[in-house]
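Comments concern the structure below.
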Amino acid sequence: MRRVVRAASGKCLMVPLDHSLADGPIANPQQLRQIVADVAAHGGDAIVVHKGRTRFLSPDALNDLALVVHLNGSTRYADDANAKTLLASVEDALACGADAVSVHVNLGSKTEAQQLIDLSRIAAECTRWAMPLLAMIYPRGPGLGDRPQAELIQHAANVAADLGADIVKLPYSGDPASMADIIAGSSLPVLVAGGAKLPEDEFVAFTTRVMKAGALGIAAGRNVFTAPKVAPLIRRLSDAVHGVERQAAHLVA
20 MRRVVRAASG KCLMVPLDHS LADGPIANPQ QLRQIVADVA AHGGDAIVVH
70 KGRTRFLSPD ALNDLALVVH LNGSTRYADD ANAKTLLASV EDALACGADA
120 VSVHVNLGSK TEAQQLIDLS RIAAECTRWA MPLLAMIYPR GPGLGDRPQA
170 ELIQHAANVA ADLGADIVKL PYSGDPASMA DIIAGSSLPV LVAGGAKLPE
220 DEFVAFTTRV MKAGALGIAA GRNVFTAPKV APLIRRLSDA VHGVERQAAH
270 LVA
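First residue of the sequence shown? That's 20 in this note's numbering, and the numbers climb one at a time after it.
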């Protein structure tokens with residue numbers, strides 16, 4: 020955990036770059052290396068990639084970032100894109116030099132049962148290897164009915180805790196008050212998913228709201244790797260993630 024979470028602030032700016040498996044290329048190899056270098060140099064704390072992608076990243080950049088290896092996935096062409104298949108093990112991640120692993124579960128999907136089994140199995144492997152586990156739990160599937168989104172996200176947080184994760188990544192509930200309640204009620208530190216692409220100023224403001232709600236941090240993927248200039252955006256996001264306590268203290272003073 021100490022590589023994923025910045026010691027000085029106890030917070031984390033994570034940049035998931037695992038989208039290429041599900042959605043296709045997010046950048047050419049040179050661009051991806053530059054994105055990772057910018058994240059490392061300008062205030063990011065961790066990246067998420069699949070095991071094979073680690074071969075194409077700069078070792079120097081990874082010296083300054085926590086490496087999270089994502090263990091399951093699917094492509095958008097699947098009959099059921101909400102189904103997630105285990106594609107790697109904790110031992111595979113260790114061989115890549117991972118500091119943590121992540122597993123995605125879609126709560127309410129047709130294959131929820133298998134995804135829960137997979138998460139539980141990986142949690143047991145993580146215990147054996149002393150590997151931190153990030154559970155990415157999304158209420159997403161036909162089994163959800165018309166239940167309120169905040170209630171579903173609260174349940175997702177409990178699933179992660181019950182099955183042995185160390186950190187949970189959750190979608191935003193839609194408003195700061197309900198998100199603060201979800202975070203306060205979670206047994207695990209909460210990373211909030213960055214979600215859909217937003218204009219830069221709006222996304223920085225969103226990140227600030229999330230941090231004021233008590234989040235461990237933000238997992239900013241597409242809002243980072245699609246940015247025209249990654250470095251200045253990472254600096255702004257890092258200030259929002261790691262500086263919110265200082266800013267609040269300054270305002271109170």
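Just so it is clear, CB atoms sit at the ideal spot from N, CA and C, and this is done for glycine as well.
Report task. Find out if the Cβ-Cβ distance for the pair Asp51, Arg72 is shorter than 9 Å. Result -> In the sequence as displayed, the identity of residue 51 is Leu instead of Asp. For Leu51 and Arg72, yes; Cβs fall inside 9 Å.
Query - Range of the contiguous alpha helix (DSSP H) that encloses Val178 - result: Gln168 to Asp181
Report task. Consult DSSP for Gly204 and reduce its assignment to one of helix, strand or coil. Result -> helix
Report task. Write down the C-beta distance between Ile156 and Ala175 rounded to the nearest angstrom, noting that I regard them as a contact closer than 8 Å. Result -> 4 Å
**Report entry** Cα-Cα separation, Ala259 to Leu235
**Finding:** Computed Cα separation, rounded: 12 Å.
Requested in this report: Would you check if the distance between the CB atom of Gly214 and the CB atom of Asn242 is smaller than 9 Å?
Outcome: A contact, by the Cβ cut-off of 9 Å.
Query - Beta-carbon separation (whole angstroms), Ala59 vs Asp83, contact threshold 8 Å - result: 4 Å
Query raised in the report: Do Leu182 and Leu217 have their CB atoms nearer than 9 Å?
Result: No Cβ-Cβ contact shorter than 9 Å links Leu182 with Leu217.
Report task. Examine chain B for any beta-carbon lying closer than 9 Å to the beta-carbon of Ala46, and answer yes or no. Result -> Note that chain B does not occur in the displayed structure, where there is just one protein chain.
Requested in this report: Give every residue of the same chain whose Cβ lies closer than 7 Å to the Cβ of Ala179, excluding the five residues on either side of it in the sequence, and list them in chain order.
Outcome: If we look at Ala179 and ignore the five residues flanking it on each side, its Cβ neighbours are Ala154, Ile156, Val187 and Leu207.
Query - Chain-order list of residues whose beta-carbon lies under 7 Å from that of Ala9 (same chain, five-residue window excluded) - result: What the structure shows of the chain is the stretch from 20 to 272, and residue 9 is not part of that stretch, so it cannot be assessed.
**Report entry** Asp79 versus Ile54 - alpha carbon distance
**Finding:** The C-alpha of Ile54 is placed about 13 Å away from the C-alpha of Asp79.
**Report entry** Whole-angstrom C-beta distance between Gly160 and Leu126, which should lie under 8 Å
**Finding:** Going by Cβ atoms, the distance from Leu126 to Gly160 rounds to 7 Å, so yes, they are a contact pair.
Query raised in the report: Since Ser77 sits in a beta bridge, which residues does DSSP pair it with?
Result: Bridge partners of Ser77: none, in fact.
Query raised in the report: alpha helix (DSSP H) containing Ala56: first to last residue?
Result: Pro48 to Ala60
Requested in this report: Compute the distance between the beta-carbons of His69 and Ser39, then report whether it is under 9 Å.
Outcome: yes
Query raised in the report: Where does Pro190 sit, in a helix, a strand or coil, going by DSSP?
Result: coil
Query - Status (buried if at least 16 other CB within 10 Å, exposed otherwise) for Lys248 - result: exposed
Report task. List the endpoints of the continuous alpha helix (DSSP H) containing Met230. Result -> Segment Glu219 to Lys231, the alpha helix (DSSP H) holding Met230.
Requested in this report: Could you check what DSSP says for Cys115 in three-state terms: helix, strand or coil?
Outcome: coil
Query raised in the report: In terms of residue numbering, what span does the alpha helix (DSSP H) encompassing Val243 cover?
Result: Arg241 to Phe244
Report task. Just confirm the distance between the C-beta atoms of Val109 and Trp148, as a whole number of angstroms; I'd bet it's less than 8 Å. Result -> 5 Å
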